[in-house]
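For reference, the structure is listed below as structure tokens.
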Amino acid sequence: MTILNFKEIPEAHGNGESGLKDTFELFAEVFFSKLGFKIIEGPSRGADNGKDLIIEESIQGKFDISESKIRWLVSCKHKAHSGNSVRPEDEPNLLERISLHKCSGFIGFYSTLASSGLDALISGLSNTGNLKTKIFNAENIETLLLQSQSGIELIERFFPQSFTQWRAENPEKAKIFKEGEFELNCMVCEKNLITNNSVEGFFYIIKKTSDLGKVVAVKWSCFGDCDKRLNHNNQQQGLMERFDHIDSKATPVTYLLFIMDILRDMHSGSEIYSEDAFDKIKHLICAIYPLVTRNMTTKEAEVLEGELMMRSIG
1 MTILNFKEIP
11 EAHGNGESGL
21 KDTFELFAEV
31 FFSKLGFKII
41 EGPSRGADNG
51 KDLIIEESIQ
61 GKFDISESKI
71 RWLVSCKHKA
81 HSGNSVRPED
91 EPNLLERISL
101 HKCSGFIGFY
111 STLASSGLDA
121 LISGLSNTGN
131 LKTKIFNAEN
141 IETLLLQSQS
151 GIELIERFFP
161 QSFTQWRAEN
171 PEKAKIFKEG
181 EFELNCMVCE
191 KNLITNNSVE
201 GFFYIIKKTS
211 DLGKVVAVKW
221 SCFGDCDKRL
231 NHNNQQQGLM
241 ERFDHIDSKA
251 TPVTYLLFIM
261 DILRDMHSGS
271 EIYSEDAFDK
281 IKHLICAIYP
291 LVTRNMTTKE
301 AEVLEGELMM
311 RSIG
């Protein structure tokens with residue numbers, strides 16, 4: 001299932017002189033520019049002699065400093081509003097058009113699929129005409145856009161409604177602290193537990209078995225071997241640990257409940273933190289905070305429902 005709704009881009013000729021009729025071609029121009037292609041000829045109004053864009057790709061040699069260039073003819077077809085595929089009759093005289101514009105490659109840039117007939121026709125150019133060919137459709141355009149920050153910015157510009165829905169399910173970590181401040185590194189291997197706007201790993205509230213009312217340490221680690229090593233070390237020292245997934249506390253409401261639990265236990269006197277443990281729990285709270293200052297995703301809402309259910313059972 002694709003994320004982007006290409007119907008957000010106006011039909012090619014559906015807006016008269018409103019200035020929107022070339023939006024899909026403009027999108028293609030910015031798209032290829034972001035990918036590093038040089039724009040030789042951009043979109044133009046009126047007759048275009050069978051080309052919407054001409055772009056140039058530079059390819060660096062692998063074993064020397066030589067550089068080769070490919071001149072691509074780009075044809076844009078925006079049929080998302082009808083849902084029709086792009087057919088051979090939509091791309092007449094392909095070989096002649098490529099030759100006319102002195103290009104060595106053809107790119108079909110489509111918001112729907114190419115029909116099997118057109119796909120075979122374009123593949124034939126590559127097989128018999130010694131030409132490079134490439135077809136972009138909604139799916140592979142979307143895949144490329146989601147791979148980079150510049151691509152996501154392009155989504156926000158041309159697909160504002162799709163972007164709003166996507167961002168709600170893929171929230172970005174808030175920029176609150178300085179770079180490197182409140183990092184959450186595994187206390188065994190030092191791997192950063194917060195990556196790509198998410199967190200994973202365990203945290204541990206550690207007490208002496210002889211004094212269960214005092215928290216002597218707060219630690220965190222990766223899953224797997226690091227967790228086992230911490231657990232083994234605690235057992236050897238006669239310590240008892242209470243552990244949980246860090247990500248289960250990194251949603252807006254479960255984070256608040258986590259803090260309220262700490263405050264409740266401190267207030268009641270059931271848990272007293274050593275100086276070091278108190279510093280560590282503060283660090284953990286601050287490290288998670290940028291991840292929770294936003295709306296909840298559907299998955300996080302499910303996590304919350306489970307958390308509340310467990311609390312009601314307890």
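Just so you know, we're using the UniProt record's numbering here: the sequence shown kicks off at 1 and counts up by one.
Idealized CB from N, CA, C, for every residue including glycine.
Discussion item. Let me confirm a value: residue 172 is counted as buried when at least 16 other C-beta atoms fall within 10 Å, else exposed. Which label applies?
Written reply: Label assigned to residue 172: exposed.
Item to complete: Note down the Cα distance separating residue 35 from residue 309, rounded to an integer number of angstroms.
Response: Approximately 48 Å between the Cα atoms of the pair.
Worksheet item: From residue 107 to residue 8, what does the alpha carbon distance come to, in whole angstroms?
Response: Approximately 22 Å, taken between the alpha carbons.
Discussion item. Does residue 168 pass the burial test, meaning 16 or more other C-beta atoms within 10 Å, or should it be called exposed?
Written reply: Classification of residue 168: exposed, given that the 10 Å Cβ count is below 16.
Fill in: Extent of the continuous alpha helix (DSSP H) run through residue 226
According to the DSSP assignment, residue 226 belongs to the alpha helix (DSSP H) that extends over 225-236.
Discussion item. Whole angstroms are fine: how far does the CA of residue 170 sit from the CA of residue 278?
Written reply: Take the alpha-carbon of residue 278 and the one of residue 170: they are about 32 Å apart.
Worksheet item: Which residue or residues does DSSP assign as beta-bridge partners of residue 244?
Response: Answer by DSSP bridge pairing, in chain order: 203.
Practice prompt. Out of 209, 140, 225, state which residue places its alpha-carbon closest to the alpha-carbon of residue 114.
Written response: For the residues 209, 140, 225, the minimum Cα distance to residue 114 belongs to 140.
Practice prompt. Output the distance between the C-alpha atoms of residue 188 and residue 162, rounded to the nearest integer angstrom.
Written response: Their Cα atoms are separated by approximately 41 Å.
Practice prompt. Would you kindly report the start and end of the unbroken alpha helix (DSSP H) that includes residue 149?
Written response: From DSSP, the alpha helix (DSSP H) with residue 149 extends over 149-158.
Fill in: Distance between residue 212 and residue 232 (C-alpha atoms, nearest Å)
Residue 212 has its alpha-carbon roughly 19 Å from the corresponding atom of residue 232.
Discussion item. If distances are taken between C-alpha atoms only, which option among 72, 198, 133, 44 comes closest to residue 56?
Written reply: In terms of CA proximity to residue 56, 72 leads the group 72, 198, 133, 44.
Worksheet item: Can you give the Cα-Cα distance for residue 224 and residue 242, rounded to whole angstroms?
Response: Residue 224 and residue 242 have their C-alpha atoms spaced approximately 17 Å apart.
Fill in: Helix, strand or coil at residue 3 according to DSSP, with G and I counted as helix
In this structure, residue 3 counts as coil in the three-state DSSP scheme.
Worksheet item: Under the DSSP definition of a beta bridge, which residues are partnered with residue 269?
Response: Note: residue 269 sits in no beta bridge, so no partner.
Discussion item. I'd like the list of long-range same chain contacts for residue 97, defined as Cβ closer than 7 Å, with 5 residues on each side in sequence excluded.
Written reply: For residue 97, where only same-chain residues beyond five positions count, the Cβ hits under 7 Å are 50, 51, 73.
Worksheet item: Among 138, 229, 218, which one has its Cα closest to the Cα of residue 244?
Response: Checking every option, the nearest Cα to that of residue 244 belongs to 218.
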